[in-house]
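UniProt numbering puts the sequence shown at residues 1 to 190.
Idealized CB from N, CA, C, for every residue including glycine.
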Amino acid sequence: MIEIPSDLHRDLVPLAWLLGNWAGAGVTDFPGSAKANFGQEVSFTHDGRDFLEYHSRTWVLDAEGTKVEPLESESGFWRIDKDRKVETVMVRQDGVVEVWYGELADQKPQIDLATDAVARTAASGPYTGGKRLYGYVKGDLMWVGEKQTPEVPLRPYMSAQLKKVVSPEDVAEMARNLGDLPDDGIAFFK
Numbered sequence: 001m002i003e004i005p006s007d008l009h010r011d012l013v014p015l016a017w018l019l020g021n022w023a024g025a026g027v028t029d030f031p032g033s034a035k036a037n038f039g040q041e042v043s044f045t046h047d048g049r050d051f052l053e054y055h056s057r058t059w060v061l062d063a064e065g066t067k068v069e070p071l072e073s074e075s076g077f078w079r080i081d082k083d084r085k086v087e088t089v090m091v092r093q094d095g096v097v098e099v100w101y102g103e104l105a106d107q108k109p110q111i112d113l114a115t116d117a118v119a120r121t122a123a124s125g126p127y128t129g130g131k132r133l134y135g136y137v138k139g140d141l142m143w144v145g146e147k148q149t150p151e152v153p154l155r156p157y158m159s160a161q162l163k164k165v166v167s168p169e170d171v172a173e174m175a176r177n178l179g180d181l182p183d184d185g186i187a188f189f190k
C-alpha cells in the first residue's frame, strides 16, 4: 500500500510510492568489472520542501550473501513538475555528478530517466552517461541501470529488486493502530 504523508509537499504526491527505506539485492555486469551479486539499501525521504532526498549504498555479496566489499554509493535530490517530468541530481563516491531528466509514466508508478549532464573529477573512471528505469511492482521497488563509456556503448550494468524495510518505530506504530483483531487470528481473513 502506498501512503501519502500529510506533510509531503503537494508537488511530490506522484512520487510518494518511492518514499521509505528499501533493501534488497541485484546483479552487476559491465565490461572491465567482475560480474557480481550485490546488496543495496536505498532511502527516499522528504522534509516538506518540493524534493525527495535520495541515498543509496551497494556492496558486493559472496555466494552465501555475505557482504564482501563496498560497491557504489550515491546521493541526490528528485523533483517532479506538473507535467510529470522528473529531474534528479546525483553525486557518486567515485567523483561523478549527474543531472538526470525523465518522466513518470501515465497511470503507473514507473520512471524512465536519462542523463542530461555528467561531470567527473580526475579520479573517476570513464563514464559518459546512462539511463535508469524505476518501478513499483507488487510492493517492491525494482530498477535497472544502463551506462556508457567512451569504449562501451550504452548497455545494462546493474539491476535490483528491493523490499520496503520496516523499522522498529514502524512496528510500534502498527501495533498502536491495530484496533480489534479477532482472538484466533483466522477470522481476520474471512
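Cβ pair residue i, residue j closer than 8 Å
| i | j | result |
| --- | --- | --- |
| Leu-104 | Trp-78 | no |
| Val-144 | Ser-159 | yes |
| Thr-121 | Gly-95 | yes |
| Met-90 | Glu-74 | yes |
| Gly-48 | Asp-7 | yes |
| His-55 | His-9 | no |
| Arg-57 | Glu-41 | yes |
| Tyr-157 | Asp-62 | no |
| Leu-71 | Val-60 | yes |
| Arg-132 | Leu-113 | yes |
| Lys-164 | Trp-22 | yes |
| Asp-50 | Leu-12 | yes |
| Trp-100 | Asp-116 | yes |
For residue i: DSSP bridge partner residues
| i | result |
| --- | --- |
| Pro-156 | Glu-146 |
| Pro-168 | Pro-168 is not bridged to any residue. |
| Phe-77 | Glu-53, Val-89 |
| Lys-163 | Ala-23 |
| Thr-58 | Gln-40 |
| Pro-70 | Trp-59 |
| Gly-102 | Val-86, Leu-113 |
| Lys-131 | Ala-114, Glu-146 |
| Asp-140 | Val-137 |
| Thr-28 | Ala-36, Met-158 |
Residue i - DSSP class collapsed to helix/strand/coil
| i | result |
| --- | --- |
| residue 201 | Lying before the first or after the last residue shown, residue 201 is absent from the chain, which here runs from 1 to 190. |
| Glu-64 | coil |
| Ala-187 | Residue confidence for Ala-187 is low, a pLDDT of 44 falling below 50, so the modelled location carries little weight; the figure read from the coordinates is stated next. It is helical. |
| His-46 | coil |
Nearest-angstrom beta carbon gap, residue j and residue i [assumed within contact, 8 Å]
| i | j | result |
| --- | --- | --- |
| Gln-161 | Gly-76 | That pair is no contact at about 21 Å. |
| Gly-135 | Gln-110 | 4 Å |
| Gly-129 | Gln-148 | 5 Å |
| Glu-98 | Val-118 | 5 Å |
| Phe-38 | Gly-26 | 6 Å |
Residue i CB to nearest heavy atom of the ligand GTP below 7 Å
| i | result |
| --- | --- |
| Gly-20 | The ligand content of the structure shown is nil, which means the ligand GTP is not present either. |
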